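Here the structure comes first, spelled out in structure tokens, and everything after it is commentary.
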Amino acid sequence: MSKPTLATVSLGGCEGCHVSLLDAHEGLLDLLEAADLVHSPFSGDEEIPAHVDVVMVEGAITTEEDLRRLHAARASATTLVAVGSCAVLGGIGGLRNLSPVAEVKARAFGDHVTKSERLPRLRRLVQPLSDFVEIDISVPGCAPETGLIVDALVAAVSGNEFSFGVRNLCDECHREKRALLEHSSEFVSDDVLALMELDEIDPKRCFLEQGLICMGPMTREGCGAKCTAANVPCRGCMGPSRLDYEQGAKTIDALAAVLPAGGIMYMDDLIGTGYRFSMPVSVFPGALDHEGGDDD
Amino acid sequence: MALGVFLSRCGGRIESALDIQAALAGVAGRASVVRVLDDFFDAGVAEGISRDIEEHRLDAVVLAGHSEEHFAKSLSASHLRDAIVAAGVNANRVAAANILEQCALAHPDDVAGATAKARAIIDVAATRAEMAEAVEGEMIRPRSSVLILGVTAEAVVAAQRLLRLGYSVVLADREDGSKRAGRAFEMHATTSYVLDHPQARVIDSARLQDGDGYLGDFRIVLESADGLETYRVGGILLARPDHTEWVSELRQHFRVDVDDAGFARSLDPAMHPAETVDPGIMVMPLRRSDAQQVDKVAAADAAAMALVLKLSHDTVVHYRDTSAVDTALCGGCATCVRTCAFGACSISDDGFSDVDIRRCVGCGKCVVSCPVGARDIVSSPHDYLLGAVRDLARAKVEGDKVIGFLCGGCGYPAADSAASTVAGRGVGYPSSFLPLRIPCGGRLDALYVLEAFKVGFEGVCVYRCREGHCHNLVGNLDMDRRVNLLRTVLRSRNIDDARLRIIDISPFEGEHFIHTLEEVYSTIGGLANGKGGPL
Ligand code: SF4
Ligand code: SF4
Ligand code: SF4
Ligand code: SF4
Ligand code: SF4
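Here the protein sequences line up with chains A and B, keeping their order.
According to my numbering, the first sequence is numbered sequentially starting from 1312.
According to my numbering, the second sequence is numbered sequentially starting from 74.
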């Protein structure tokens, strides 16, 4: 019996998810043992073959070309695996949904650049894959933990179910809480600080108690809390643990209960903090009353 | 789920203002029984409803007519509820659809609008009745002891009545014995009867340090010169509602309403002068400076009687309207611990949130603060509130639709009292104002506001308690903080944040309610951008 086939596709993303996959090093051999890689961004062929057992898709839908390629991937795939927060949640690029497309282009390329005919049409909104097609397995993260991607792909090529935890990141974070565990009407910290404002960050203590915004409570577990272990607060890249709970709104609901809401850092970029990876799956995935995509 | 819908004409006040059949048309398709009655509180009505429940095996009941708040206060209304529960419907599946104050009386000049709004309110109540989880009542054998806070003339009279009925009494006073004796000396014979009684204890120079529990079974920790002592009592009588220190100590642990001066307030000064929002706590009505002895005795009698009415049963049922934790979702982030003003949340050894059901008052603040939706409270489940926002948006009323999140402590009763203001001036407020009751301002989830704009409301207002008056201490201020941050979110999506208004109000301020509503309508009427609706 021949091995199942695997293809990987990169849409509107940074290819960081592919890099995370490559990070598996020898682990890749296990994957390639189980499946034949028939197509990838590095393989040269432009179009995905007509039938592939498992297709991994990285990136969000940002252009008409992304959408066309997504439909092609879906048509050829038995199992479609969405990898990365771009694919699952719209991702960091989704923050551009707040501005009109013309403004986005002007910011990126300047006012006086004309666009080549050959470039695909930019859509008004960055959207996750699930807005258009059915997804069989979702692995959020920016980029997702290498192990998670490999596990998901191995499960997919073997025809197994794949799932992981849905609690929040605090469940797997090793940091110690003290003030948060005590009933009190005071906030856990007097102030909200930027990372560089602290001379020293206690590597053992929960960030929130040190006055640093940590997105752990609003973020799904699964990455192994690698940032908080490296003494960096979570930025929320795994997205919310339930998609019907938007991460940005819950950031407000939850953090305003424990930190002084007037905290400058937080107020400065409330949107970027709360919706950094998940704007396109929020109740309002973009700003209202904006014009359509480019060339309109 | 078999649903029964009973609509009261409320003695004719409903049918003159709206089309009853049209109001029931939406719910008719999903209900097993729909009945229109003259008045819920006529003799025999409770028996008739009970028969329907048994015959049609109803699981959920909607009572369309009076306000939800009415059912918490009136003795006749609680009789009706008890009969419904006795007939086999779970207490959490009896929902009031307030079409009297919120529709019929509010929009006397707009029959079509009142009808469409009533239809939406009945639909929402039906959903609430059907989807709310059944709650098990806890059977409590009430303790035959009472704590009286403040040793006043009224306090000793009440104590005497209670002692005569076989209750034991703890009298606690802020001052030392010399001052207290002077105050209560006015009724010398009674005072000596009480103070010398073997079943009475007097604690001088007392402070209330801790407390938990509910009607029938309170645990109270008092601090005095003798140190800390714990008392178990069935009820609490606040003899000094004007003593702001007692009041604020009580408020740290139990729900107590306060008025503008910070004095403890009863449910309704006219009809229920002793009862408070907490069924186990009574207040002595405030004493006027010119009060005669006979007034004091009457006040003491009323308060003692109100408590005895509740404690004299073999068992009382306590429905736990508490917060529940879904450990499949809880990651132990402890946000809820910090949010709960009553110290009811903690993280247990297994790493999940744990609720102390003796301390939880069901305010729902922790539900909002939990970032993963691991919590819910039984009386106002998340799915119901979110669904209600969508259902109300479908009401076929004319004009700019505004949703009002009305806090059960202040906003909702204020909207009810607006009915009498409307009666006075003969002109209603816009029927496109659609009310949704939430247990506390702190229960306002940012998601509900966003959803409201998404489903097409032109404006969102939140009526909440004035500062210092929140049942749940700081639910209102927590909400303010959240809403102010949420404004940034709205602006980022091009929704004018003037469409979102927070309004402070007290329960009896119907006039202020209408006035602020008019302001809301004139504000949003002038806004161009940021109309809701899907992208
Ligand atoms: S999820 Fe992150 S790493 Fe992956 S493509 Fe998107 S931006 Fe790049
Ligand atoms: S540091 Fe962040 S992830 Fe870790 S426990 Fe604190 S809030 Fe949670
Ligand atoms: S700790 Fe947070 S930001 Fe870091 S990888 Fe995990 S989810 Fe992403
Ligand atoms: S519902 Fe209110 S009182 Fe109960 S645990 Fe939650 S915050 Fe505390
Ligand atoms: S806020 Fe939610 S997730 Fe956090 S500890 Fe409480 S119940 Fe658990």
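Even for Gly, the Cβ is constructed at its ideal location relative to N, Cα and C.
Note that the structure is a prediction, hence the values are computed from the model and not measured.
Contact set for residue i: own chain, Cβ-Cβ below 7 Å, skip 5 residues either direction
| i | result |
| --- | --- |
| Arg1347/A | Contrary to the premise, residue 1347/A reads as Asp rather than Arg in this sequence. If we look at Asp1347/A and ignore the five residues flanking it on each side, its Cβ neighbours are Lys1314, Thr1316 and Leu1317. |
| Pro1514/A | Asn1542 |
| Gly1585/A | Gln1558, Gly1559, Thr1562 and Ile1563 |
| Arg103/B | Leu76 and Ala199 |
| Ser1593/A | Glu1557, Gly1559 and Tyr1586 |
| Ile93/B | Leu80, Ile87 and Val109 |
| Cys439/B | Ser396, Cys409, Thr412, Cys413, Cys418 and Arg448 |
Three-state secondary structure (DSSP) of residue i
| i | result |
| --- | --- |
| Met1549/A | coil |
| Met260/B | helix |
| His139/B | coil |
| Pro508/B | strand |
| Tyr392/B | strand |
| Thr317/B | helix |
| His585/B | helix |
| Cys1484/A | coil |
| Met1367/A | strand |
| Ile1460/A | helix |
| Arg684/B | Since the displayed chain B opens at 74 and closes at 608, residue 684/B lies outside it and no answer follows. |
| Ala372/B | helix |
| His1382/A | helix |
| Ala170/B | strand |
8 Å Cβ cutoff, residue i in contact with chain B
| i | result |
| --- | --- |
| Asp1600/A | yes |
| Pro1528/A | yes |
| Phe1518/A | no |
| Phe1595/A | yes |
| Leu1587/A | The question names Leu, yet the displayed sequence has Arg at residue 1587/A. For Arg1587/A, the answer is no, since every Cβ of chain B falls outside 8 Å of its Cβ. |
| Leu1492/A | yes |
| Ser1552/A | yes |
| Asn1479/A | yes |
| Asp1386/A | Per the sequence presented here, residue 1386/A reads as Ala, with Asp not at that position. Chain B contact via Cβ: absent. |
| Lys1488/A | yes |
| Glu1344/A | no |
| Leu1378/A | no |
| Lys1416/A | no |
Close-in-space but distant-in-sequence residues of the same chain around residue i (CB under 6 Å, 5 per side omitted)
| i | result |
| --- | --- |
| Arg280/B | Glu296 |
| Gly1597/A | Asn1408 and Leu1436 |
| Leu573/B | Val533 |
| Asp330/B | Arg338 and Val350 |
| His139/B | Leu173 |
| Leu1332/A | Ile1460 |
Residue i at chain A interface by Cβ criterion, 8 Å
| i | result |
| --- | --- |
| Lys527/B | yes |
| Thr412/B | yes |
| Leu281/B | no |
| Cys543/B | no |
| Thr388/B | no |
| Leu402/B | yes |
| Arg555/B | yes |
| Val593/B | no |
Rounded distance between the beta-carbons of residue j and residue i, thought under 8 Å
| i | j | result |
| --- | --- | --- |
| Gly501/B | Ala179/B | 5 Å |
| Ile420/B | Gly437/B | Actually they do not touch by this definition, with Cβ atoms about 19 Å apart. |
| Gly446/B | Leu402/B | 6 Å |
C-beta contact flag for residue i and residue j at 8 Å
| i | j | result |
| --- | --- | --- |
| Pro215/B | His386/B | yes |
| Asp449/B | Ala397/B | yes |
| Leu380/B | Leu310/B | yes |
| Gly1324/A | Gly1370/A | yes |
| Ala1572/A | Arg554/B | yes |
| Gly1452/A | Ser1589/A | no |
| Arg274/B | Asp290/B | no |
| Arg1546/A | Cys1538/A | yes |
| Gly99/B | Ile195/B | yes |
| Pro512/B | Pro580/B | no |
| Glu524/B | Asp473/B | no |
Other residues of its chain near residue i: CB distance less than 8 Å, five sequence neighbours each side excluded
| i | result |
| --- | --- |
| Gln1521/A | Ser1500, Leu1504, Leu1509, Ile1512 and Asp1513 |
| Glu540/B | Asn549, Leu550 and Asp577 |
| Ala177/B | Cys83, Arg86, Ile87, Ser89, Ala90, Leu91, Ala187 and Ala191 |
| Ser218/B | Tyr240, Ser241, Val242, Val243, Tyr304, Arg305, Val306 and Gly307 |
| Gly1583/A | Leu1406 |
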